[in-house]
Each structure stands twice: as structure tokens, then as C-alpha cells.
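Comments concern the structure below.
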Amino acid sequence: MSRALFVCFDSEESALVTGCAAALGLPFDTLMLSGEGGAGDKSFVAGFEAVPPADGLAEALLSLSGQYGRIAFVSSMRSKDLAGRLAGLLDAAMLTDVIAVESADTFHLPMVAGSIVTTAKVTDGTLVFTFRPSNFAKDLPSTTGSTEKIALTPASRTQRTKAAARSGGRPDLAQAKIIVTGGRPLKDAATFEAVLGGLADKLGAAVGATRAAVDSGIAANELQVGQTGKIVAPDLYIAAGVSGSTQHMAGIKDSKIIVAINTDADAPIFESADFGLVQDLFTALPEIQAAAKGT
Amino acid sequence: MRILLPIKRVIDPYAKVKPLGDGSGIDTGNVKFDVNPFDEIAVEEAVRMKEKDPSIETIAISIGGAECEDQLRKCLAMGADKAILVESTREHDPSTIAHELKAWVEELKPDLILMGKQSTDGESNQVGQMLAALLGWPQATYASKITIEGGNIEVVRETDSGEETLTLPLPAVVTTDLRLNEPRYIALPGIIRARNKPLEKATEKSNKEPNIRYTKFQSPPARPAGRKVANVTELLAALSERGVSL
Ligand SMILES: Cc1cc2nc3c(=O)[nH]c(=O)nc-3n(C[C@H](O)[C@H](O)[C@H](O)COP(=O)(O)OP(=O)(O)OC[C@H]3O[C@@H](n4cnc5c(N)ncnc54)[C@H](O)[C@@H]3O)c2cc1C
Chain F
568 MSRALFVCFD SEESALVTGC AAALGLPFDT LMLSGEGGAG DKSFVAGFEA VPPADGLAEA
628 LLSLSGQYGR IAFVSSMRSK DLAGRLAGLL DAAMLTDVIA VESADTFHLP MVAGSIVTTA
688 KVTDGTLVFT FRPSNFAKDL PSTTGSTEKI ALTPASRTQR TKAAARSGGR PDLAQAKIIV
748 TGGRPLKDAA TFEAVLGGLA DKLGAAVGAT RAAVDSGIAA NELQVGQTGK IVAPDLYIAA
808 GVSGSTQHMA GIKDSKIIVA INTDADAPIF ESADFGLVQD LFTALPEIQA AAKGT
Chain A
23 MRILLPIKRV IDPYAKVKPL GDGSGIDTGN VKFDVNPFDE IAVEEAVRMK EKDPSIETIA
83 ISIGGAECED QLRKCLAMGA DKAILVESTR EHDPSTIAHE LKAWVEELKP DLILMGKQST
143 DGESNQVGQM LAALLGWPQA TYASKITIEG GNIEVVRETD SGEETLTLPL PAVVTTDLRL
203 NEPRYIALPG IIRARNKPLE KATEKSNKEP NIRYTKFQSP PARPAGRKVA NVTELLAALS
263 ERGVSL
């Protein structure tokens with residue numbers, strides 16, 4: 568386990584690995600599946616235009632990753648898809664959503680919708696893990712010793728027959744400094760877009776949604792924030808018409824400031840909000856939008 | 023066609039849980055247990071497939087203590103044809119579960135394995151992918167729509183940025199996401215009626231040792247208590263005191 572490999576899906580991710588790599592304390596290389604960049608001693612650049620399905624890709628990664636004792640990924644749906652498969656092929660241990668590194672074999676991770684933080688020790692062999700970059704130091708200088716092109720030729724039996732484009736325009740939830748999230752009372756997609764989208768655009772914010780909002784067709788699935796959606800940590804999180812379920816809070820509790828707007832003064836979200844406003848969101852959000860200077 | 027449904031008994035996803043005082047585990051003294059919601063979605067999907075094609079056989083399988091029988095009975099009540107309880111009280115991690123399931127796949131020879139993308143308590147999101155890797159089968163995680171056509175399965179899946187469609191040959195492993203379906207509600211009488219369905223008890227086939235040990239369980243640091251503001255003007259003032267001006 569002398570070295571670590573950080574596998575990045577794109578160049579945005581390569582900027583997120585240095586904090587975790589420093590905490591791990593092992594010499595490391597990066598593998599860029601798509602995009603340029605990298606960090607650590609060596610950057611392997613695979614140059615995929617679209618990262619192929621996990622089954623063939625994991626196999627194509629075997630020979631490179633076999634040389635490392637620790638193989639790390641930025642937590643995301645796509646990385647967990649691949650990491651689990653790779654861990655299976657390597658018969659390695661795997662940890663998901665690491666939030667702190669005690670040593671190269673002892674890690675902290677959340678469980679049960681963030682109600683528990685577990686210490687997990689790897690007893691032997693290789694470890695594959697995914698980590699939440701927002702829990703690690705940011706803006707550490709990242710340099711790359713050398714860059715090497717690597718030809719990976721995955722033979723997937725799985726075919727991607729339809730890929731959806733990223734819903735464009737607004738900042739990404741993972742990177743946004745401000746997030747405005749709406750819940751069930753937003754009624755329908757048009758209301759959600761008008762009331763929440765309008766404010767978000769004025770603030771240069773990303774838009775998020777609860778599961779209730781996504782399930783009822785008010786918001787797109789990739790906007791779901793929470794235990795089984797995106798885990799976010801913005802400077803400011805504005806939750807409007809959100810009750811504050813454990814599952815939703817699991818995704819937002821590392822936000823710097825949480826603002827809750829809810830008509831029910833006893834809504835659980837007020838227990839975790841820095842600032843709580845008991846008001847109808849349909850009057851409060853337009854008032855904020857009107858008062859804000861905007862970006 | 024045979025569908026295998028791996029089931030995990032989990033802490034009731036709506037329960038408030040705390041670690042034990044000495045940090046040696048999770049205090050489950052007063053909490054209920056249920057079928058992992060994502061596995062329940064897998065069972066529902068399999069049962070709906072069977073309702074359209076009665077030649078399909080569905081088998082639920084769970085690895086754990088005798089108490090997992092409750093969750094398997096619920097799956098039978100939902101419509102699974104039979105259940106297998108692999109009794110085990112030793113420590114497990116995702117990899118030992120994947121190895122045990124692999125041994126059962128070799129015996130039962132299913133065409134499709136449908137299971138939750140993750141459990142709501144351990145939250146690992148690993149077993150499906152590991153099992154697919156051990157079997158050398160293709161995988162589609164995070165399914166929100168499944169269509170079987172001939173020897174292929176088409177899966178619409180949720181992604182970080184939206185959704186995409188994968189086509190893969192059977193046999194395959196598919197893991198379920200929230201929006202695949204809404205599981206039917208099973209009232210207690212239904213669970214009692216399912217008592218007549220076959221539930222086989224078996225011993226472990228795999229002796230894979232876990233390579234992860236969970237050594238401590240703690241509460242996360244609590245957020246400091248906040249305060250209420252009277253109106254939007256006060257809110258904006260409070261934010262600007264904290265260095266955020268909108
Ligand atoms: C397996 C599983 C996974 C889950 N994963 C997630 C997840 O990742 N993310 C997630 O969010 N949820 C998740 N959930 C669902 C979660 O338990 C809650 O059901 C959900 O978060 C509730 O969403 P909500 O707050 O929008 O709706 P509700 O709980 O219905 O709350 C709506 C709130 O809006 C308030 N309100 C109503 N009208 C107004 C108004 N005009 N102005 C202001 N306030 C108003 C109400 O007082 C209420 O507090 C999961 C559940 C399960 C079982």
C-alpha cells in the first residue's frame with residue numbers, strides 16, 4: 568500500500584483530490600478518465616470523450632490499479648458504480664463516502680442518513696474508497712510531476728444507447744456557493760421554476776429539490792439533495808418549504824449557513840437552521856429576490 | 023426466467039438512531055427494522071414483471087440472523103415466490119455479502135439479480151457492483167425503468183446529471199433507485215397469509231472473511247442552535263452580519 572491512485576472522471580475532479588491525498592499521506596498519482604490535468608507525481612491521461620460503462624472500464628483499469636494499495640474516487644453516482652465493480656474484480660475492501668482520514672488504514676464515514684459516524688479499519692490488502700471532497704482541505708496547491716497518455720480499451724457488454732445532456736445554465740450543486748432548494752409545496756414544475764429558479768438566477772445560485780419534489784414531478788431527479796441524492800456543502804443553503812427529514816438533512820449539514828423558510832414554526836428543519844423564517848415561501852422568496860442586489 | 027432478490031434487514035429508515043454510550047455500536051434497543059427500501063423497490067419490480075409473465079420465478083434471499091425471517095415474510099407477502107434465509111451471525115462487510123450471494127447464484131442460476139442500489143443504514147452502494155464483478159456479469163446501477171426484451175434488458179438509470187439508457191445482455195445485475203416504482207403496501211394480514219409460502223433456512227456457503235472492521239460509532243458534531251428572524255429584512259441583515267450579502 569505504498570502508493571495511492573486517485574481516479575478522476577474529469578478535470579473538475581482533479582482539483583478536488585489534493586485535500587484527501589494530503590490527509591492520506593501517501594505518495595500518489597492520478598488517472599484522468601477524461602479531460603486534462605491531474606495532480607501528484609504522475610498523471611495518467613486516458614482521454615475518453617465519454618467515460619464508458621463500468622463493467623468494461625473496471626476490467627481495463629485492472630492492470631494499472633493493481634499496482635496501488637489505495638485507489639480513491641470523488642464520491643458520485645458514477646464513481647460508486649465503477650469503484651464497486653473495481654473492488655469486486657480486485658477482491659479489495661471498499662469504503663464509501665469517507666469524510667475523514669485518521670491514517671492510511673483508518674477512516675471515518677457516515678451511516679444511517681448521517682446519524683452515525685463510523686470508524687472503519689481496513690484489516691488487510693488493497694482498499695478502494697470514495698470520499699466527499701467538501702470534508703477535506705480545499706485550495707491546496709496541486710502540481711503534477713509528469714503526464715503520461717494511457718490507452719485503455721474497455722470491452723463493455725453494456726451499451727449506452729441514450730445519454731442525456733447535463734441540464735445546462737445553472738451552477739452545479741456540488742460546486743455552488745449558494746443553493747436554493749424547494750420542497751413539496753412548490754406544486755408543479757412551472758411554479759418551481761418561476762419561484763425558485765428566478766431567485767436562484769438573481770443570486771447566481773444552484774437549484775436543489777427534496778425527494779418529495781422530485782417524486783411528484785416538480786423537479787428533475789439530478790436536483791435531489793439528501794441521503795440518496797447529492798451531498799452539498801455551500802456557503803449558503805436556503806431551504807424553502809422543506810420539512811427537514813433526516814434524509815434531507817443528511818445531504819446539507821455541512822453547509823456553512825442554513826436558512827429555512829417554512830410556514831410551520833415547529834418544522835424540524837428549524838432545529839438545524841442558522842436562521843429560520845416562519846413565512847409563506849410564496850411571499851418570502853419574491854421579497855428576497857426583490858431586495859437582493861444580485862450577481 | 024428466474025429473478026434473484028437479495029434483501030437486507032435495515033433499521034427503520036424513519037427512526038432516529040444514536041450510537042451506544044460506549045461507541046461500540048448503534049443503539050437499536052427501541053428501533054424497528056424493515057426491508058431496505060431500495061430492496062423493496064426491487065421486489066415490487068420483480069412482482070410486477072411476474073404479474074405480466076407468470077412463467078417468471080422470484081426468489082428473495084437474505085443473509086443474517088433468524089430475525090431476518092420477518093423481512094423475508096414481507097417479501098413473500100408482496101408476491102415473491104419463495105425465500106431463502108442464509109443464517110449467519112458473524113461479522114460481514116459488503117465483500118463477504120457479495121461472495122455469499124455469488125455462491126447462491128451459482129446454485130440457483132438466476133437470469134437477473136435485482137437489488138437495492140444501497141442500504142439505508144450501511145449506505146455502501148457496493149454489493150451489486152461487487153457481485154456483478156465476481157460473476158463477470160454486466161451491471162446497470164440506479165435503475166428508474168426496466169424493460170426486458172428477448173435476452174437483453176434495457177435500463178433507464180439516474181445519473182449525476184440526469185438520466186441515460188443502457189442495454190445489456192442477460193444474465194445481469196440491476197440495482198434499483200427510488201423512482202423505479204412505488205412498492206405496494208402490505209398490511210399485517212397479508213404477511214400472515216404469506217406464512218404458507220416456502221421459506222428455506224440454510225447455512226453459509228462462503229467463508230470469505232471481512233477485510234473491514236467497524237471499530238467505533240459516534241454521533242456527528244451537532245450544528246449550533248440557530249435563531250428565528252421576523253421577516254426578510256431581518257434575514258438579510260443577519261446574513262450580512264455573517265459576511266453574506268445577497
Ligand atoms: C429510502 C429513502 C431515501 C430518501 N432520500 C431522500 C433524499 O435524498 N432527499 C430528500 O429530500 N428526501 C429523501 N427522502 C424522503 C424524506 O423522508 C422526506 O419525505 C422528504 O425529504 C420530504 O420532502 P419535503 O420536505 O419537500 O416535503 P414535506 O415533508 O411534505 O414538507 C413540506 C414542508 O413545507 C412546508 N410548507 C407547506 N406550504 C408552505 C408554504 N407555502 N411556504 C413555506 N412552507 C410551506 C410544510 O410546513 C412542510 O414542513 C428519502 C426517504 C426514504 C425512505
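Respectively, the protein sequence lines represent chains F and A.
Residues in the first sequence are numbered from 568 upward in steps of one, following our numbering.
Residues in the second sequence are numbered from 23 upward in steps of one, following our numbering.
Backbone N, C-alpha and C define an ideal beta-carbon position, used for all residues, glycine too.
Show which residues of chain F have a CB atom less than 7 Å away from the CB atom of Y207 (chain A). Your numbering for residue 207 (chain A) matches position 185 in the second sequence. By Cβ distance, chain F contributes nothing, its closest Cβ being about 16 Å from Y207 (chain A), past 7 Å.
Taking 8 Å as the cut-off, is the C-beta of V863 (chain F) nearer than that to any heavy atom in ligand 1? Chain F is shown from 568 up to 862; residue 863 (chain F) falls before or after that span and cannot be answered.
Measuring CB to CB, does K609 (chain F) end up less than 9 Å from D622 (chain F)? Numbered from 1 along the first sequence, position 42 holds the residue referred to as residue 609 (chain F). Numbered from 1 along the first sequence, position 55 holds the residue referred to as residue 622 (chain F). It is not a contact, given that the beta carbons lie outside the stated cut-off.
Quick test of the definition: if touching needs 3 or more C-beta pairs under 8 Å, does the region 635–644 of chain F touch the region 174–185 of chain A? The region 635–644 of chain F is in contact with the region 174–185 of chain A.
At a cut-off of 8 Å, is Y36 (chain A) close to ligand 1 when judged by its beta-carbon and the heavy atoms of the ligand? As a working note, residue 36 (chain A) is residue 14 in the second sequence. Look at Y36 (chain A): its beta carbon is less than 8 Å from one of the heavy atoms in ligand 1.
DSSP-derived helix/strand/coil call for R215 (chain A): Counting from 1 along the second sequence, the entry for residue 215 (chain A) is found at position 193. It is helical.
Comparing the C-beta of L662 (chain F) with each C-beta of chain C, is any distance below 9 Å? Of the protein chains in this structure, namely F and A, none is chain C.
By DSSP, does L192 (chain A) sit in helix, in strand, or in coil? By 1-based counting over the second sequence, the position of residue 192 (chain A) is 170. In this structure, L192 (chain A) counts as coil in the three-state DSSP scheme.
Tell me the start and end of each unbroken alpha helix (DSSP H) in the region 75–141 of chain A that is at least 4 residues and wholly inside, in chain order. If we require 4 residues or more, the alpha helix (DSSP H) runs fully inside the region 75–141 of chain A come out as 91–100, 116–130.
Is the Cβ of G808 (chain F) closer than 9 Å to any Cβ of chain A? Numbered from 1 along the first sequence, position 241 holds the residue referred to as residue 808 (chain F). Not one chain A Cβ lies under 9 Å of G808 (chain F).
Could you give the first and the last residue of the continuous beta strand (DSSP E) run that contains Q240 (chain A)? Stepping through the second sequence from its first residue, residue 240 (chain A) is reached at position 218. Q240 (chain A) -> beta strand (DSSP E) spans 234–240.
If F837 (chain F) sits next to A260 (chain A), beta carbons under 8 Å apart, how far is it from one beta carbon to the other, in whole angstroms? The residue given as residue 837 (chain F) occupies position 270 in the first sequence. The residue given as residue 260 (chain A) occupies position 238 in the second sequence. With a beta-carbon spacing of about 14 Å, F837 (chain F) and A260 (chain A) fall beyond the 8 Å limit used to define contacts.
Interface residues of chain F facing Q148 (chain A) [CB-CB closer than 7 Å]: Indexing the second sequence from 1 puts residue 148 (chain A) at position 126. Chain F residues near Q148 (chain A): G651, A654, M661, T663.
Reduced DSSP category for V69 (chain A) - H, G, I as helix; E, B as strand; rest coil: As a first step, residue 69 (chain A) must be located in the second sequence, where it is residue number 47. For V69 (chain A), the three-state secondary structure derived from DSSP is helix.
Is S682 (chain F) close to chain A? Criterion is C-beta to C-beta, closer than 9 Å. Taking the first residue of the first sequence as 1, we reach residue 682 (chain F) at position 115. Using a CB distance cut-off of 9 Å, S682 (chain F) counts as an interface residue toward chain A.
Within this structure, are the beta carbons of Q856 (chain F) and T830 (chain F) separated by less than 9 Å? Counting from one through the first sequence, the residue named residue 856 (chain F) turns up at place 289. Counting from one through the first sequence, the residue named residue 830 (chain F) turns up at place 263. Contact flag unset, no.
Could you give the uninterrupted runs of the beta strand (DSSP E) lying entirely in the region 706–758 of chain F, keeping only those of 3 residues or more? The qualifying runs are 711–716, 726–730, 745–749.
State whether the region 644–662 of chain F contacts the region 114–122 of chain A, with contact taken as three or more CB pairs (one from each stretch) at a distance under 8 Å. Output reads yes: the region 114–122 of chain A touches the region 644–662 of chain F.
Cβ-Cβ distance between A741 (chain F) and K797 (chain F) below 9 Å: Locating residue 741 (chain F) in the first sequence gives position 174, where the first residue counts as 1. Locating residue 797 (chain F) in the first sequence gives position 230, where the first residue counts as 1. Yes.
Along the chain, where does the beta strand (DSSP E) containing M678 (chain F) start, and where does it finish? As a first step, residue 678 (chain F) is located in the first sequence; it is residue number 111 there, counting from the start. It spans 673–678 - the beta strand (DSSP E) in which M678 (chain F) sits, taken as one unbroken run.
Can you tell me the Cα-Cα spacing of I828 (chain F) and V177 (chain A), whole angstroms? Counting from one through the first sequence, the residue named residue 828 (chain F) turns up at place 261. Counting from one through the second sequence, the residue named residue 177 (chain A) turns up at place 155. Distance between the alpha carbons of I828 (chain F) and V177 (chain A) is about 38 Å.
Neighbourhood of E580 (chain F) by C-beta distance below 6 Å, restricted to the same chain and skipping five residues each side: Along the first sequence, read from residue 1 onward, the residue named residue 580 (chain F) stands at position 13. Cβ neighbours of E580 (chain F) beyond the five flanking positions: V641.
Measuring CB atoms only, is the region 200–217 of chain A touching the region 65–78 of chain A, in the sense that at least three cross pairs come out at less than 8 Å? Yes: at least three Cβ pairs fall under 8 Å.
If you follow the alpha helix (DSSP H) that L629 (chain F) is in, where does it begin and where does it stop? One-based indexing of the first sequence puts residue 629 (chain F) at position 62. Segment 621–632, the alpha helix (DSSP H) holding L629 (chain F).
F698 (chain F) to P76 (chain A) span [Cα, whole Å]: Working through the first sequence from its first residue, we reach residue 698 (chain F) at position 131. Working through the second sequence from its first residue, we reach residue 76 (chain A) at position 54. Distance between the alpha carbons of F698 (chain F) and P76 (chain A): 44 Å.
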